[in-house]
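Data first, discussion second: the structure below is written as structure tokens.
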Amino acid sequence: MDAGSALRKLAEGNRKYVEGRSAGDFSESRRRELAEGQAPFAAVITCSDSRVVPEAVFSAGLGEIFVIRTAGNTAGPDALASAWYAADHLRVPLIVVLGHTGCGAVSAALEGHSGGPMGDIVKRISANIGGERDPRTAAEINARRTAEAVEKAVPGTAVAAAVYDTAGGGVRFLLGEGAKPL
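Numbering-wise (the numbering used here), the sequence shown opens with residue 29 and increments by one.
Next up, the structure:
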């Protein structure tokens, strides 16, 4: 599957999810089938927030999406290494950075918190969003900047940014200036 097909499959899966027709395969037979290995069609770097579950949001089943979770969907060394693994070893054609509305890590950056255990993550988000003050726009900017970092770390693999609406369930893929078509 190429990156464009993977993106279309994710978008169609999200449409099904929003319509309440999610149909991911989590069966015992699928588990047995995957016991020897995986071949996901995409990787998703997303937040650790319990409301953001990529397999559900994209109507995917076991083994279909390689999920990398970190608070604020940031691209620290572990997330970047995981993205590289997905591209190099699992041969995913597409990596999506999925931000979301109501992100606590983005809120912490907007409120100026930078200490404690979340310090590095909040500083990374603050650097990504600059002077932006609107939470929704900040979530979008953070997803875009994280996608840019992933592109640099994983050359040759298509990378897209998106934002999940926690209230409505929809995912909006962020295209714009400088975006490469998939």
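C-beta atoms are modelled at their ideal positions from N, C-alpha and C, and glycine is treated no differently.
C-beta contact flag for residue i and residue j at 8 Å
{"i": "Val-85", "j": "Ala-188", "result": "no"}
{"i": "Val-182", "j": "Ala-111", "result": "yes"}
{"i": "Asn-101", "j": "Leu-122", "result": "no"}
{"i": "Ile-96", "j": "Ala-107", "result": "yes"}
{"i": "Ala-133", "j": "Val-150", "result": "yes"}
{"i": "Leu-90", "j": "Arg-58", "result": "yes"}
{"i": "Glu-83", "j": "Gly-32", "result": "no"}
{"i": "Ser-142", "j": "Pro-163", "result": "no"}
{"i": "Ser-87", "j": "Lys-44", "result": "yes"}
{"i": "Ala-67", "j": "Phe-201", "result": "no"}
Whole-Å CB distance - residue i paired with residue j, under 8 Å assumed
{"i": "Ala-137", "j": "Ser-154", "result": "4 Å"}
{"i": "Asp-80", "j": "His-128", "result": "First, the residue type needs correcting, since residue 80 is Val and not Asp in the sequence shown. Confirmed, Cβ separation roughly 5 Å."}
{"i": "Val-191", "j": "Ile-73", "result": "Their Cβ separation, rounded to whole angstroms, is 13 Å, which puts Val-191 and Ile-73 out of contact at 8 Å."}
{"i": "Ala-114", "j": "Cys-75", "result": "That belief does not hold up - the Cβ atoms of Ala-114 and Cys-75 are roughly 17 Å apart, past 8 Å."}
Residue closest to residue i, alpha-carbon to alpha-carbon, out of the options
{"i": "Val-46", "options": "Gly-196, Thr-185, Arg-60 and His-117", "result": "Gly-196"}
{"i": "Thr-185", "options": "Ala-175, Thr-194, Asp-193 and Tyr-192", "result": "Ala-175"}
{"i": "Ser-50", "options": "Asn-42, Glu-64 and Ser-57", "result": "Asn-42"}
{"i": "Cys-131", "options": "Thr-194, Lys-37 and Leu-35", "result": "Thr-194"}
{"i": "Lys-180", "options": "Pro-145, Gly-104 and Gly-140", "result": "Gly-104"}
{"i": "Ile-157", "options": "Leu-203, Gly-140, Ser-55 and Ala-34", "result": "Gly-140"}
{"i": "Gly-198", "options": "Met-29, Gly-48 and Glu-160", "result": "Gly-48"}
{"i": "Gly-65", "options": "Arg-36, Phe-54 and His-117", "result": "His-117"}
DSSP beta-bridge partners of residue i
{"i": "Gly-32", "result": "In the DSSP output, where bridge partners are listed per residue, Gly-32 has none listed."}
{"i": "Ala-190", "result": "Leu-126 and Phe-201"}
Return the chain-ordered ranges of every beta strand (DSSP E) run that is complete within the stretch 86-143 and spans a minimum of 3 residues.
93-97 and 122-128
Give the list of continuous beta strand (DSSP E) stretches no shorter than 3 residues that lie fully inside the stretch 60-89.
70-74
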